[in-house]
Amino acid sequence: MTTTEPLNANPAPTADVLLAKSLRWNKKPAVRWIGIPALALAIFGVYHVNRGFWADVKLAENAVDRFHGQFNAGSINQIYEESSGGFRDATREKDFVELVSTVRRKLGNVIDSKREADMSENTRNEFTTLNVTYRTAFTQGQGEEKFVWQIKDGKALLRNYTINSRDLILK
321 MTTTEPLNAN
331 PAPTADVLLA
341 KSLRWNKKPA
351 VRWIGIPALA
361 LAIFGVYHVN
371 RGFWADVKLA
381 ENAVDRFHGQ
391 FNAGSINQIY
401 EESSGGFRDA
411 TREKDFVELV
421 STVRRKLGNV
431 IDSKREADMS
441 ENTRNEFTTL
451 NVTYRTAFTQ
461 GQGEEKFVWQ
471 IKDGKALLRN
481 YTINSRDLIL
491 K
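The numbering used here applies: residue 321 is where the sequence shown begins, and numbers increase by one.
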């Protein structure tokens, strides 16, 4: 009994042949001299950008703590004076003081505040903005505060502030 094999039959490659083929990139100078440094540069870039983002988050967290301290002390005018130029151009001091004073009168002092996970950062030519949301407990209610901070020259300046609170509306 004879067996017939097809004329163009190729045996399946062995594991060592497949491994050798997968390592061929290492023998090509262009890949070795361009690919590896490019990969290292990409990793450094991701690290550098991520490091800058978390530094900005820390600035914003400190600014929120300062905002709440000034809020509790009734220093609303000081919050306004320390805000960004864009904020002051868009909002009259009288209106801001009236709004925040009403929040303080109806909800009381801040007793606890927790940053939500959702944050976004946007970098422009002159500065970076960082949007952060806080769940805040006041002595007489709760609210969701949204801050937009302008990050420039190592400082976080208030660019926008909004509060959503059922307790604020119903009191």
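Beta carbons: idealized from backbone N, C-alpha and C, even for Gly.
Residue of the options minimising C-alpha distance to residue i
| i | options | result |
| --- | --- | --- |
| residue 372 | 447, 484, 458, 453 | 447 |
| residue 490 | 468, 426, 451, 482 | 426 |
| residue 450 | 470, 457, 456 | 470 |
| residue 436 | 467, 422, 393 | 467 |
| residue 455 | 482, 408, 420 | 482 |
| residue 487 | 459, 475, 473, 478 | 459 |
| residue 414 | 402, 475, 396 | 396 |
Where residue i sits in the DSSP three-state scheme
| i | result |
| --- | --- |
| residue 467 | strand |
| residue 422 | helix |
| residue 412 | coil |
| residue 472 | strand |
| residue 489 | helix |
Bounding residues of the alpha helix (DSSP H) (the contiguous stretch that carries residue i)
| i | result |
| --- | --- |
| residue 442 | Careful: residue 442 lies outside any alpha helix (DSSP H), inside the beta strand (DSSP E) at 430-443. |
| residue 401 | 396-401 |
N- and C-terminal bounds of the beta strand (DSSP E) containing residue i
| i | result |
| --- | --- |
| residue 458 | 448-458 |
Strand pairing of residue i, partner residues [DSSP]
| i | result |
| --- | --- |
| residue 477 | 470 |
| residue 462 | 457 |
| residue 392 | None; residue 392 has no bridge partner. |
| residue 382 | In DSSP, residue 382 forms no bridge with anything. |
Residue i to residue j span [Cα, whole Å]
| i | j | result |
| --- | --- | --- |
| residue 411 | residue 461 | 26 Å |
| residue 388 | residue 434 | 12 Å |
| residue 457 | residue 484 | 12 Å |
| residue 401 | residue 464 | 23 Å |
| residue 409 | residue 417 | 15 Å |
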